[in-house]
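Structure first, then comments.
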DNA sequence: TAAACTCGTTACCTTAAGTTAAGAAACGAT
DNA sequence: ATCGTTTCTTAACTTAAGGTAACGAGTTTA
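Chains as they are written, first to last, in the working numbering: chain A, 1 to 199; chain B, 200 to 398.
Here is the structure:
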């Protein structure tokens, strides 16, 4: 699918409209600030040790967050269309402990979190918008954490198939396995077990 | 330790001062709204199925968040002094899927999240405060999630001892085990293994 | 075309967690 | 002081995940 500029603007505004009603002027202010960038599959957006002050909104494609522990990648999150990724730790100006890369060719909105205080004063609704988005993301993230904790790897896999069936299609198994907290071999075995159970 | 009202006010203001500078008037507005409540150990603050619109700030004591899955309690979080708990899902007015109880006699500030829009208009700094707190909590929650995912139960336990040694002291082992994602028996075995390794 | 690489699967063995059951220790209430 | 509840530990057995290695299918590269 090809995205032209108008479509991309519209995707962003649709997302924001879930939270607040924006006047035309406010919409334009945001669109002025939004920087659209394209990245090739495999591009590394953030490395361990770097300071990240950018937040990402995915217009198209998929980005992944992962740690490297003893040479091994541990994937903790995927973000796809109309999802936002606000790198944790960015607020405190602490160096990143994780990596972010593009699993597919992606079009992202890169928002510098050098939030302009004046802008919030001039357009208080923007501060409200940020509050509401943050509260929503926090709430969702906590629920996801809870579900992860109270589930076995098998339940997590079945849950993933149910909640985000697209991921199971577009993401390599070994990344999924890592995301589920197991090895690719274990995932492979698990899938065999599940087929056996089902029949 | 006994807490009088002035001390309690001060604890809350100290917490808020981490995020914004408040004028005396703004401080008083917040203290007016803050409702201090005492609860006996064992009190259930929220049950599955209930609508929760209250957020909690712990002045003294400890509260716990848990799910009940097949008659079994699965603990997902503890909150102690100067920590806030904003029940996820409250925003969407969806019934709670989890329980919250007091593990100790506790003094909490109960904040109704029926946030007064007028108040934010009159005191924009309060909206900023909420945004900053929410962003901070989200960031911390994501980092905690990441750490949980990339760790084994043993690493989680060792990490807990390092980061929150107080919890290991004041919380029963079987709750800790549940929090770590294992059974009390496994935690008991693990502790024995660790002692053996250490020597 | 051949070699290299990526990705998924299978197998064998080891390690640790779950399950069930039982008993010991600590704590509270009468 | 005693009874009962709560909490922690231990043990024997079962289940599933980790580590290592090898194989094969599909792609990319030379």
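By construction, the Cβ of each residue, glycine as well, lies at the ideal position given by its N, Cα and C atoms. Remember, predicted model here, so these are calculated numbers, not experimental data.
Chain-ordered neighbours of residue i on chain A, where CB pairs are closer than 7 Å
| i | result |
| --- | --- |
| residue 287/B | 139, 142, 143 |
| residue 335/B | 91 |
| residue 330/B | 127, 130, 131, 134 |
Option in the options with minimal Cα separation from residue i
| i | options | result |
| --- | --- | --- |
| residue 224/B | 290/B, 318/B, 282/B | 318/B |
| residue 201/A | 47/A, 19/A, 4/A | This structure gives no information on residue 201/A, because the portion of chain A shown stretches from 1 to 199. |
| residue 257/B | 216/B, 202/B, 308/B, 340/B | 308/B |
| residue 69/A | 140/A, 85/A, 48/A | 48/A |
| residue 297/B | 168/A, 172/A, 150/A, 35/A | 150/A |
| residue 255/B | 320/B, 311/B, 363/B | 311/B |
| residue 176/A | 6/A, 78/A, 106/A | 78/A |
| residue 262/B | 356/B, 231/B, 306/B, 233/B | 306/B |
| residue 102/A | 92/A, 147/A, 37/A, 9/A | 37/A |
| residue 189/B | 214/B, 208/B, 331/B | Past the boundaries of the shown model lies residue 189/B; chain B is included only from 200 to 398, so the question cannot be answered. |
| residue 188/A | 157/A, 104/A, 40/A | 157/A |
| residue 394/B | 353/B, 204/B, 331/B, 363/B | 353/B |
| residue 100/A | 81/A, 73/A, 117/A | 73/A |
| residue 338/B | 191/A, 33/A, 96/A, 27/A | 96/A |
| residue 43/A | 104/A, 165/A, 30/A, 34/A | 104/A |
| residue 279/B | 390/B, 366/B, 372/B | 366/B |
Interface partners of residue i on chain A, CB under 9 Å
| i | result |
| --- | --- |
| residue 323/B | 120, 121, 124, 127 |
Run of the alpha helix (DSSP H) containing residue i, from where it starts to where it stops
| i | result |
| --- | --- |
| residue 17/A | 5-17 |
| residue 367/B | 364-369 |
| residue 219/B | Per DSSP, residue 219/B belongs to no alpha helix (DSSP H) and is neither H nor E. |
| residue 318/B | 316-321 |
Range of the contiguous beta strand (DSSP E) that encloses residue i
| i | result |
| --- | --- |
| residue 65/A | 63-69 |
| residue 58/A | 54-60 |
| residue 101/A | 99-102 |
| residue 381/B | Where residue 381/B is concerned, there is no enclosing beta strand (DSSP E), given that its DSSP letter is neither H nor E. |
| residue 271/B | 271-278 |
| residue 307/B | 305-311 |
| residue 47/A | Premise fails: residue 47/A is in no beta strand (DSSP E) and is neither H nor E. |
| residue 37/A | 35-39 |
Closer than 8 Å at the beta carbon, the chain B residues around residue i
| i | result |
| --- | --- |
| residue 81/A | The premise fails here: residue 81/A is roughly 20 Å from chain B at the closest Cβ pair, so nothing lies under 8 Å. |
| residue 76/A | 344, 345, 348, 349 |
Open item on the list: Output needed in chain order: residues of the region 97-112 of chain A with a Cβ under 9 Å from some Cβ in chain B.
Closed with: 97, 98
- [ ] Taking only beta carbons into account, state which residues of the region 55-74 of chain A come closer than 7 Å to chain B, listed in chain order.
- [x] 67, 69, 74
Open item on the list: Beta carbons nearer than 7 Å to chain A: which residues of the region 352-383 of chain B have them?
Closed with: 380
Open item on the list: For a minimum of 4 consecutive residues, which ranges assigned as the alpha helix (DSSP H) are wholly contained in the region 326-377 of chain B?
Closed with: 352-362, 364-369
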